[in-house]
Amino acid sequence: MFEKSLADLIRGIRANKKNEASFIASCLEEITTEIKSNDIDVKAVALQKLTYLNMMGYDMTWASFHVVEVMSSSKFQYKRIGYLAAAQSFNKDTDVLMLCTNLIKKDLASNKMYETALALNGLSQIVTPDLARDLIDDLLKMMNHSQPYIRKRVVVLLYKVFLQYPEALIMSYPKLKDKLEDQHTSVVIATVSVICELATHNPRNYLPLVPQLYNILSSSNNNWLSIKIVKLFALLAPEEPRLAKKILPVFGLLLESTSATSFAYEILNSMIKSGLIKQANQSLIALSVEKLKEFIVDRDANLRYLGLSALSELITIFPQLVTAFTDIILERLDDIDLSIRRKALDLVPAMVTKPTLMPIVDKLMSYLFKEEDEWFNNINIFTDKDYRNCIVNNILTICSKDKYANITNFQWYIYILCNLAFVENISVIDSVAKQLMDVCIRLRDTPLKKFFIDKMVELLKNKAIYEKKFIKSGNSDILYVAAYLLGEYRSTINVDNIEDILFNLTTNEVKELSEIVQNSYIIAILKIYIYWVLKSDFNESSIDAYKQITTMLMDKLQLFIVSSDIEVQDRANLALEILNKIYEQYDPINSTDKKLIEGIDNLFKGELKPVAKKAQKMVPIPTELDLDKVINPESQDILNEIGTSFADETKYFWKAKLRAVKPKKVIKELSKRELEEARRKRNQSKKNNPFYLDFDEDTKSQNSFYEAEIDNIPIVPFTYKFGTLIK
Amino acid sequence: MINFFLSFNRHGKVRLNRWYVPISNRDKKKITSDAISTVISRKKGMCNIVEYKEYKLVYKRYASLYFLAAVEEDDNELITLEIIHRLVQILDEYFGNVCELDIIYGMQEAYMIMDELIISGELLESSKKSITRAVHKMNEKEHEEQLVETLKQSNLL
Numbered sequence: 001m002f003e004k005s006l007a008d009l010i011r012g013i014r015a016n017k018k019n020e021a022s023f024i025a026s027c028l029e030e031i032t033t034e035i036k037s038n039d040i041d042v043k044a045v046a047l048q049k050l051t052y053l054n055m056m057g058y059d060m061t062w063a064s065f066h067v068v069e070v071m072s073s074s075k076f077q078y079k080r081i082g083y084l085a086a087a088q089s090f091n092k093d094t095d096v097l098m099l100c101t102n103l104i105k106k107d108l109a110s111n112k113m114y115e116t117a118l119a120l121n122g123l124s125q126i127v128t129p130d131l132a133r134d135l136i137d138d139l140l141k142m143m144n145h146s147q148p149y150i151r152k153r154v155v156v157l158l159y160k161v162f163l164q165y166p167e168a169l170i171m172s173y174p175k176l177k178d179k180l181e182d183q184h185t186s187v188v189i190a191t192v193s194v195i196c197e198l199a200t201h202n203p204r205n206y207l208p209l210v211p212q213l214y215n216i217l218s219s220s221n222n223n224w225l226s227i228k229i230v231k232l233f234a235l236l237a238p239e240e241p242r243l244a245k246k247i248l249p250v251f252g253l254l255l256e257s258t259s260a261t262s263f264a265y266e267i268l269n270s271m272i273k274s275g276l277i278k279q280a281n282q283s284l285i286a287l288s289v290e291k292l293k294e295f296i297v298d299r300d301a302n303l304r305y306l307g308l309s310a311l312s313e314l315i316t317i318f319p320q321l322v323t324a325f326t327d328i329i330l331e332r333l334d335d336i337d338l339s340i341r342r343k344a345l346d347l348v349p350a351m352v353t354k355p356t357l358m359p360i361v362d363k364l365m366s367y368l369f370k371e372e373d374e375w376f377n378n379i380n381i382f383t384d385k386d387y388r389n390c391i392v393n394n395i396l397t398i399c400s401k402d403k404y405a406n407i408t409n410f411q412w413y414i415y416i417l418c419n420l421a422f423v424e425n426i427s428v429i430d431s432v433a434k435q436l437m438d439v440c441i442r443l444r445d446t447p448l449k450k451f452f453i454d455k456m457v458e459l460l461k462n463k464a465i466y467e468k469k470f471i472k473s474g475n476s477d478i479l480y481v482a483a484y485l486l487g488e489y490r491s492t493i494n495v496d497n498i499e500d501i502l503f504n505l506t507t508n509e510v511k512e513l514s515e516i517v518q519n520s521y522i523i524a525i526l527k528i529y530i531y532w533v534l535k536s537d538f539n540e541s542s543i544d545a546y547k548q549i550t551t552m553l554m555d556k557l558q559l560f561i562v563s564s565d566i567e568v569q570d571r572a573n574l575a576l577e578i579l580n581k582i583y584e585q586y587d588p589i590n591s592t593d594k595k596l597i598e599g600i601d602n603l604f605k606g607e608l609k610p611v612a613k614k615a616q617k618m619v620p621i622p623t624e625l626d627l628d629k630v631i632n633p634e635s636q637d638i639l640n641e642i643g644t645s646f647a648d649e650t651k652y653f654w655k656a657k658l659r660a661v662k663p664k665k666v667i668k669e670l671s672k673r674e675l676e677e678a679r680r681k682r683n684q685s686k687k688n689n690p691f692y693l694d695f696d697e698d699t700k701s702q703n704s705f706y707e708a709e710i711d712n713i714p715i716v717p718f719t720y721k722f723g724t725l726i727k
Numbered sequence: 001m002i003n004f005f006l007s008f009n010r011h012g013k014v015r016l017n018r019w020y021v022p023i024s025n026r027d028k029k030k031i032t033s034d035a036i037s038t039v040i041s042r043k044k045g046m047c048n049i050v051e052y053k054e055y056k057l058v059y060k061r062y063a064s065l066y067f068l069a070a071v072e073e074d075d076n077e078l079i080t081l082e083i084i085h086r087l088v089q090i091l092d093e094y095f096g097n098v099c100e101l102d103i104i105y106g107m108q109e110a111y112m113i114m115d116e117l118i119i120s121g122e123l124l125e126s127s128k129k130s131i132t133r134a135v136h137k138m139n140e141k142e143h144e145e146q147l148v149e150t151l152k153q154s155n156l157l
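Here the protein sequences line up with chains A and B, keeping their order.
The first sequence begins at 1 in UniProt numbering and counts up one residue at a time.
The second sequence begins at 1 in UniProt numbering and counts up one residue at a time.
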């Protein structure tokens with residue numbers, strides 16, 4: 001009598017915002033008692049409340065039986081509540097689903113249109129393979145229902161049924177095809193939708209429908225229908241080459257005449273995605289380009305986004321078209337919406353050419369170093385790591401395309417790469433480092449060698465790179481490139497600068513850097529030091545400098561020895577030992593005995609160069625080498641021998657089924673007396689057992705009859721040949 | 001095909017949800033919360049299409065409520081926006097200047113309207129008139145039933 005209605009429940013929840021959980025818990029308790037009530041009204045209200053709570057996230061699978069009870073009510077209002085609850089809570093594991101079959105069958109056959117509709121709606125949400133199999137006949141009959149309201153529902157429901165029970169498709173396809181000619185447009189739309197969905201899996205099967213669809217498209221004035229048919233044609237076109245010729249003119253006409261942007265977008269998108277546009281004539285392509293341009297500069301952000309997506313697909317088909325779009329793509333890089341910027345970024349590599357490369361890269365760099373006052377407008381630019389990584393990766397891709405074919409000024413590019421090390425909030429610095437390494441190594445034989453060595457020294461000396469934020473984000477890892485290059489191309493370094501460089505390689509901040517950098521530093525220190533000793537001519541006055549530097553290095557190497565990384569310790573020890581030996585044994589003034597130093601220098605001699613993938617093929621085969629000559633004439637026989645026995649054994653191994661070895665059971669034969677004894681014992685235990693279900697006198701006699709029979713069955717050992725598996 | 005449809009407010013409270021593909025309850029919860037957090041973090045000028053896993057989330061904000069439809073890769077997003085708009089228009093007409101409270105208290109009717117518009121992820125009826133007519137007819141039917149019931153109970157019939 002005083003149960004809460006749904007409205008009361010909702011009011012209660014809204015009023016009890018602070019103790020919502022406990023309020024709902026008490027309501028759930030009420031619901032559990034109410035739902036078991038015999039009064040259908042109370043039950044239905046309880047179910048309504050439960051459905052509402054289900055939407056808030058509370059489980060209602062325990063009530064599935066009650067849902068079916070309410071569904072089976074004859075009143076429309078209760079039925080509706082039941083079906084809604086079923087739609088929201090049933091899934092394929094619900095055990096009461098089989099109870100629904102007859103219920104839904106009955107409702108489908110009802111003469112009340114809205115009840116049938118209710119059943120159809122509910123079925124579309126809960127259909128399972130069993131339900132589909134049992135109800136498909138009823139559904140097929142209903143496809144010819146007098147009301148289009150019902151017909152369209154059945155058609156649309158059929159797709160769900162096909163997904164659960166594929167055999168239904170074969171049964172219902174003829175009827176489905178007929179629905180294309182239905183009087184009522186909504187049924188036709190429903191049919192086309194279903195065929196569209198089916199065609200995404202199996203386009204070939206629906207090619208015979210093309211003439212019908214063509215007619216419908218030409219005579220249709222309903223945009224929803226036209227859009228579906230265009231989509232369907234785009235799915236069918238790749239399967240039938242002649243279709244393109246017929247359908248493209250129609251598309252062109254529709255594209256020109258329509259004022260609905262969704263329709264225009266559908267035509268463009270379908271043509272591009274399906275590849276139909278490849279066979280289009282010039283005017284259609286020009287029209288498509290024009291329409292795309294309109295989309296991309298539109299005020300509506302959705303059209304811009306979709307225009308750019310369609311454009312990126314179009315570029316893969318017609319790369320040369322990108323030139324028409326360069327300006328607007330660059331404009332879109334300033335868009336408010338980050339996802340649109342990303343789309344524009346994806347297009348940038350396609351449109352970069354030699355002359356445009358530098359301005360575009362400069363523009364991209366400007367995004368990474370935005371000023372403070374730009375924040376309130378574009379706050380995401382600074383914080384969105386993905387976006388920033390994207391920009392950096394873009395810059396690297398654009399520049400390294402075709403082995404740096406588009407770069408005209410490598411000094412500028414090295415400058416850009418070094419600057420990228422100072423970009424905050426990115427995580428792709430190792431790609432930048434790799435690229436810097438690659439570019440510099442390729443430039444080792446050019447006059448730019450001096451330039452990049454100077455740049456590396458600059459990088460090394462730049463205190464900004466040691467800032468905490470850069471060390472944390474890994475930006476400082478670029479220093480390993482600087483150290484490596486300085487070590488490897490030490491011959492270009494001006495001897496006077498070496499002391500300074502060594503000093504910079506051993507500052508106290510170095511121990512904050514990562515292990516990769518520290519390792520690189522140690523080897524670089526060694527290489528440069530050895531080179532310095534080799535090339536310098538020491539005399540009385542400069543010997544102090546020598547002693548000072550050597551002792552300083554040995555001292556600073558202690559920093560590395562106490563590092564927590566084992567490899568750093570290892571290398572530092574190595575370097576320290578070498579330095580110790582030199583300090584002990586080498587007297588720089590007596591320059592005749594430079595063999596020690598030269599020996600160590602030889603460790604680092606030779607150039608490490610990048611090797612092209614096809615380099616192996618280019619190696620000329622020595623003339624004395626005959627690749628066709630047999631190495632060992634007896635090898636073939638040996639291999640054959642191994643081949644057979646080994647192959648046979650392996651063959652049988654894989655084919656043999658695994659059989660568990662069971663211990664053989666020994667069946668003991670009991671003598672008659674022993675049988676009697678056993679039976680007596682059994683009866684005694686039965687009498688004593690209070691829980692033993694005793695039979696009546698009649699069955700007892702029957703039992704004894706069976707017992708007698710059992711004794712008469714002969715016991716024979718059971719043999720059966722399971723066939724030999726192993727020879 | 002629309003895979004699922006959600007309606008929620010800025011605080012992430014779900015007001016309507018419909019799933020047109022069979023998904024386990026646990027996955028439903030996860031997808032719902034992911035989708036909601038993705039959409040709520042979007043700003044005003046941004047476009048209404050977001051890519052999420054294998055779906056495209058097409059959403060529109062009407063006053064305090066977001067309406068979100070998840071479609072597949074090859075679906076037309078603009079048409080989906082139209083469908084969402086059509087739904088909101090019909091809700092508006094039915095409830096008269098609909099607001100979030102109407103949808104909270106009128107959950108049953110809102111689902112009824114949704115079932116007139118979209119079934120198994122496909123658009124069923126594009127005419128606003130026929131949908132509102134059907135819904136009103138169903139309400140009439142219910143009232144009739146209730147009337148008959150009360151008359152029967154008071155022995156007047």
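Just so it is clear, CB atoms sit at the ideal spot from N, CA and C, and this is done for glycine as well.
In this text, all values refer to a predicted model and were calculated from it rather than measured experimentally.
Alpha-carbon to alpha-carbon, A/H66 and A/V156
Within the first sequence, residue 156 of chain A is the residue found at index 156, counting from 1. Within the first sequence, residue 66 of chain A is the residue found at index 66, counting from 1. Between A/V156 and A/H66, the C-alpha separation is close to 28 Å.
Taking contact to mean 3 or more Cβ pairs, one atom from each stretch, closer than 8 Å, check whether the segment 486-494 of chain A and the segment 541-551 of chain A are in contact.
As far as the Cβ criterion goes, the segment 486-494 of chain A does not touch the segment 541-551 of chain A, which means the pair count is below three.
Pick from A/L50, A/K18, A/N102: whose alpha carbon is nearest that of A/E29?
Here residue 29 of chain A is taken as the residue at index 29 of the first sequence, counted from 1. Comparing Cα-Cα distances from A/E29 to each of A/L50, A/K18, A/N102, the minimum goes to A/L50.
Assuming A/A117 and B/E122 make a contact with CB atoms under 8 Å, what is their CB distance in whole Å?
What you label residue 117 of chain A is simply residue 117 of the first sequence in a count that begins at 1. What you label residue 122 of chain B is simply residue 122 of the second sequence in a count that begins at 1. The Cβ separation is near 15 Å, so there is no contact.
Give me the residue from A/F76, A/Y114, A/V127 with the minimum Cα distance to A/L97.
The sequence position of residue 97 of chain A within the first sequence is 97, counting from 1. A/L97 has its Cα closest to that of A/V127, out of A/F76, A/Y114, A/V127.
Proximity test, Cβ basis, 8 Å: B/E93 and chain A
Here the question's residue 93 of chain B lines up with position 93 in the second sequence. Cβ-Cβ to chain A under 8 Å: no for B/E93.
For B/N17, write down the residues that DSSP places opposite it in a beta bridge.
As a position in the second sequence, residue 17 of chain B is number 17, starting the count at 1. Answer is B/L6, bridged to B/N17.
Step through the CB atoms of chain A and report whether any lies within less than 8 Å of the CB of B/S24.
Against the second sequence, residue 24 of chain B aligns to sequence position 24. Cβ-Cβ to chain A under 8 Å: yes for B/S24.
Given this structure, state the Cα-to-Cα distance separating A/Q548 from A/Y586, to the nearest angstrom.
Locating residue 548 of chain A in the first sequence gives position 548, counting from the first residue. Locating residue 586 of chain A in the first sequence gives position 586, counting from the first residue. Cα-Cα distance, rounded: 15 Å.
For A/A301, report the span of its alpha helix (DSSP H) as first-last.
Within the first sequence, residue 301 of chain A is the residue found at index 301, counting from 1. Where A/A301 is concerned, the enclosing alpha helix (DSSP H) stretches over 301-317.
Could you check whether the Cβ of A/R299 sits closer than 8 Å to any Cβ belonging to chain B?
Sequence index remark: in the first sequence, residue 299 of chain A carries index 299 (1-based). Closer than 8 Å: no.
When you check each C-beta in the segment 68-92 of chain A against every C-beta of chain B, which residues fall closer than 7 Å?
K75, F76, Q77, L84, N91, K92
For B/V14, return the contacting residues in chain A, with the cut-off set at a CB-CB distance below 9 Å.
Taking the first residue of the second sequence as position 1, residue 14 of chain B is located at position 14. Near B/V14 (Cβ distances below 9 Å), the residues of chain A are M55, M56, G57.
Using a Cβ-Cβ cut-off of 6 Å (strictly less than) and excluding sequence neighbours within five positions of B/W19, which residues of its own chain qualify?
Residue numbering aside, residue 19 of chain B sits at position 19 when the second sequence is read from its first letter. For B/W19, where only same-chain residues beyond five positions count, the Cβ hits under 6 Å are F4.
If you draw a straight line from the alpha carbon of A/K681 to that of A/P717, how long is it in whole angstroms?
For the purposes of this step, residue 681 of chain A is taken as the residue at position 681 of the first sequence. For the purposes of this step, residue 717 of chain A is taken as the residue at position 717 of the first sequence. Cα to Cα, the separation comes out at about 27 Å.
Touch test, the segment 393-407 of chain A against the segment 343-362 of chain A, Cβ-Cβ under 8 Å, three pairs minimum:
yes
Residue span of the beta strand (DSSP E) that contains A/I391, given as start and end
Taking the first residue of the first sequence as position 1, residue 391 of chain A is located at position 391. Premise fails: A/I391 lies in the alpha helix (DSSP H), 385-400, not in any beta strand (DSSP E).
Count the other CB atoms, across all protein chains shown, that sit within 10 Å of the CB of B/T32; report buried if there are 16 or more and exposed otherwise.
Your numbering for residue 32 of chain B matches position 32 in the second sequence. So B/T32 ends up on the buried side.
Between A/L209 and the rest of its own chain, which residues show a CB-CB distance below 8 Å, the 5 nearest in sequence each way excluded?
Within the first sequence, numbered from 1, the residue matching residue 209 of chain A stands at position 209. These residues qualify, in order along the chain: K177, L180, I195.
Report yes if the CB atom of A/A44 is closer than 8 Å to the CB atom of A/V68, and no otherwise.
Sequence index remark: in the first sequence, residue 44 of chain A carries index 44 (1-based). Sequence index remark: in the first sequence, residue 68 of chain A carries index 68 (1-based). No. Outside cutoff.
On the three-state DSSP scale, how would you describe B/N139?
Translated into positions along the second sequence, residue 139 of chain B becomes position 139. Correct three-state label for B/N139: helix.
List the DSSP bridge partners of B/R61.
In the second sequence, the residue the question calls residue 61 of chain B occupies position 61. Per DSSP, B/Y66.
Should A/V96 be counted as a contact of the ligand NAP given a C-beta to heavy atom distance under 7 Å?
The ligand NAP is absent from the structure shown, which contains no ligand whatsoever.
Would you say A/N409 and A/L364 are within 8 Å of each other, going by their C-beta atoms?
As a working mapping, residue 409 of chain A is identified with position 409 in the first sequence. As a working mapping, residue 364 of chain A is identified with position 364 in the first sequence. For A/N409 and A/L364, no; Cβs fall outside 8 Å.
Three or more C-beta pairs under 8 Å: does that hold for the segment 444-454 of chain A against the segment 475-490 of chain A?
yes
For the segment 235-243 of chain A and the segment 41-56 of chain B, state whether three or more C-beta atom pairs, one from each stretch, are separated by less than 8 Å.
No contact exists between the segment 235-243 of chain A and the segment 41-56 of chain B.
Under 8 Å between C-beta atoms, does A/I342 make it to chain B?
In the first sequence, counting from the first residue as 1, residue 342 of chain A sits at position 342. The amino acid at residue 342 of chain A is misidentified as Ile; the sequence shows Arg. So, not an interface residue.
A/S257: contacting residues in chain B (beta-carbon distance under 7 Å)
In the first sequence, counting from the first residue as 1, residue 257 of chain A sits at position 257. Going along chain B, no residue has its Cβ under 7 Å from A/S257, so there is no contact; the nearest lies around 18 Å.
Would you verify that the beta carbon of A/K700 is, or is not, closer than 8 Å to some beta carbon of chain B?
Locating residue 700 of chain A in the first sequence gives position 700, counting from the first residue. Bear in mind that a pLDDT of 48 at A/K700, under 50, signals an unreliable position, so the number given afterwards is only what the model happens to contain. False, the Cβ-Cβ gap to chain B never drops below 8 Å.
Nearest-angstrom Cβ-Cβ length linking A/V432 and A/V392, presumed shorter than 8 Å
One-based indexing of the first sequence puts residue 432 of chain A at position 432. One-based indexing of the first sequence puts residue 392 of chain A at position 392. Sure, about 7 Å apart at Cβ, within 8 Å.
Assign A/E197 to one of two classes, buried (16 or more other C-beta atoms within 10 Å of its C-beta) or exposed (fewer than that).
Along the first sequence, read from residue 1 onward, the residue named residue 197 of chain A stands at position 197. Result: buried.
Along the chain, where does the beta strand (DSSP E) that runs through B/I49 open and close?
On the second sequence, position 49 is the one that residue 49 of chain B refers to. B/I49 -> beta strand (DSSP E) spans 49-52.
Measure the C-alpha to C-alpha separation of A/Y265 and A/N202 and round it to an integer number of angstroms.
The count along the first sequence starts at 1 and reaches residue 265 of chain A at position 265. The count along the first sequence starts at 1 and reaches residue 202 of chain A at position 202. Across the structure, A/Y265 and A/N202 are spaced so that their CA atoms are roughly 24 Å apart.
Taking C-alpha atoms, which residue in A/P148, A/I150, A/A132 lies nearest to A/S172?
Here the question's residue 172 of chain A lines up with position 172 in the first sequence. Nearest of A/P148, A/I150, A/A132 to A/S172, Cα basis: A/A132.
Are the beta-carbon atoms of A/C27 and A/L6 separated by less than 8 Å?
Translated into positions along the first sequence, residue 27 of chain A becomes position 27. Translated into positions along the first sequence, residue 6 of chain A becomes position 6. Cβ distance not < 8 Å, so A/C27 and A/L6 don't count as in contact.
Contact criterion: CB-CB distance below 8 Å. Does A/S193 meet it with respect to chain B?
By one-based count along the first sequence, residue 193 of chain A stands at place 193. At least one chain B Cβ lies under 8 Å of A/S193.
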